[in-house]
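Quick note, the sequences are listed as chains X and B, same order. When we follow numbering that gives the first Met the number 0, the leftmost residue of the first sequence carries the number 0, and every step to the right adds one. When we follow numbering that gives the first Met the number 0, the leftmost residue of the second sequence carries the number 0, and every step to the right adds one.
Number of protein chains: 2
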Amino acid sequence: MDIKTLCLGILSLGDATGYEIKKMVAEGSFSFFSEASFGSIYPALTKLTDEGFITCRSETQSNRPDKKIYSLTKLGVKELEGTLEKSPKPDKNRSEFLAALLFAEAISPNRIQNLVDERIEYHANQIKVLEDLLSEKPTGASKFVIEYGLEMQRAAAKFLQENSKSLTD
Amino acid sequence: MDIKTLCLGILSLGDATGYEIKKMVAEGSFSFFSEASFGSIYPALTKLTDEGFITCRSETQSNRPDKKIYSLTKLGVKELEGTLEKSPKPDKNRSEFLAALLFAEAISPNRIQNLVDERIEYHANQIKVLEDLLSEKPTGASKFVIEYGLEMQRAAAKFLQENSKSLTD
DNA sequence: AATTACATGTAATCCGTTACATGATTGA
DNA sequence: TCAATCATGTAACGGATTACATGTAATT
């Protein structure tokens, strides 16, 4: 999913500024399947405005740049609908941990137990973050996505705990 | 993980040509956490050779370009060891499916059931692919990684089946 | 007859990050 | 006092994909 679609989608949930979009992508339920920096979000919003998919109104502020609040237009809704009709692309899961396991086997076998231990802690952290998000009582798809993430983290942690000994002996 | 490290790691499992590395990354147990195209693999191998981390011997073939078989050097082993000492970076999981769910809720709610159905089929396919890999009787970390992937796919499919109704009502 | 597998490599292009530029306010 | 939050935006740079270039042999 490109950043323009991501912005369109986030704006479908409500008006927002570029700064707010960045925050949602960095911290909210989006953070588990997407990333984006200011350097890509701001230009995307400008382009989407030029294309007529969103509009922008400015809110004057003292001591800092004007807030630019973006809203979806009817054309933008159509565009997003069109995108949603297409089948989502397969997931991209990139795990340095799994790669490290494969390579450590030959190169430094004594590192493996260590990698697994670190990983279990990693999952514990991820679970904590997701539980915090859940405690804010999200509803609908948002809740579903967070619970999905939680389930995946728990399944991964469980698998590690039950099977890691097969790696070290 | 950058492509140079990926090549180094794959070569730690045994000598290989660029073409073979590409195949492993596209089809083997690597395909579930990494990607790379010829356009990045060939230049990476050239660079690694220049840096002394791998060596290259050519095998003449009739009717097609010489096979260039790469091997890790001692320096390359050290380099890989150094990389493995560092903690792996957090996973990157990008799922257009999850994003589509969040956005479809507002824009085309009647698409949701459809998305979920497609997704269940997607998992079924992934499971088939992984089971095929398992049927080749891998061992060690390779087996572990494939079983890990299987477990994740099954957990995802199960979650969907048990919770998707909360999305549509 | 057409596609896939084999086998390597370069160039154009895209997409995105990082760093830079600017600057006030609030909390630790 | 130092970091973080708020707020936008551009330019340099990097990393990787796609398409191009070349050509045989086996399979469908």
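Ideal Cβ positions, reconstructed from N, Cα and C, are used throughout, including at glycine.
Next on the checklist: On a Cα-Cα basis, can you pick out the residue from B:T72, B:L133, B:F31, B:G8 that is closest to E50 of chain B?
Outcome noted: B:T72
Checklist entry - What number of angstroms, rounded off, separates the C-alpha of L12 of chain X from the C-alpha of K164 of chain X? => result 45 Å
Next on the checklist: So L166 of chain B contacts chain X; which residues on that side make the cut at Cβ distance below 9 Å?
Outcome noted: G139, A140, F143
Checklist entry - When the Cα atoms are used, what is the spatial distance from R110 of chain B to A103 of chain B? => result Our two residues, R110 of chain B and A103 of chain B, have alpha carbons roughly 7 Å apart in a direct line.
Checklist entry - F32 of chain B touches chain X at which residues, Cβ-Cβ below 7 Å? => result Among the residues of chain X, those whose CB is under 7 Å from the CB of F32 of chain B are N92, R93, S94, L97, A98, following chain order.
Next on the checklist: Between G8 of chain X and chain B, is the shortest Cβ-Cβ distance under 8 Å, so that the two count as touching?
Outcome noted: Nearest CB-CB separation between G8 of chain X and chain B: below the 8 Å threshold.
Item to check | Beta-carbon gap between A25 of chain B and L100 of chain X smaller than 8 Å | outcome: Their beta carbons are not under 8 Å apart, which means A25 of chain B does not touch L100 of chain X by this criterion.
Item to check | Per-residue burial, Q160 of chain X [other beta carbons within 10 Å of its own, 16 or more giving buried] | outcome: exposed
Next on the checklist: Between which two residues does the beta strand (DSSP E) holding R93 of chain X run?
Outcome noted: 91-93
Item to check | Min CB distance L133 of chain X to chain B below 8 Å | outcome: no
Checklist entry - So which of X:L149, X:M23, X:P108, X:P89 has the shortest CA-CA distance to N124 of chain B? => result For N124 of chain B, the closest of X:L149, X:M23, X:P108, X:P89 by C-alpha to C-alpha distance is X:P89.
Next on the checklist: Restricting to runs no shorter than 4 residues, where is the alpha helix (DSSP H) found entirely within the stretch 84-118 of chain X?
Outcome noted: 95-106
Checklist entry - Taking DSSP as the reference, what is the three-state secondary structure of E19 of chain X? => result helix
Checklist entry - Which residue from B:L133, B:G38, B:L114 puts its Cα closest to that of L149 of chain B? => result B:L133
Next on the checklist: Within 8 Å, do at least three Cβ pairs link the stretch 50-70 of chain B to the stretch 29-40 of chain B?
Outcome noted: no
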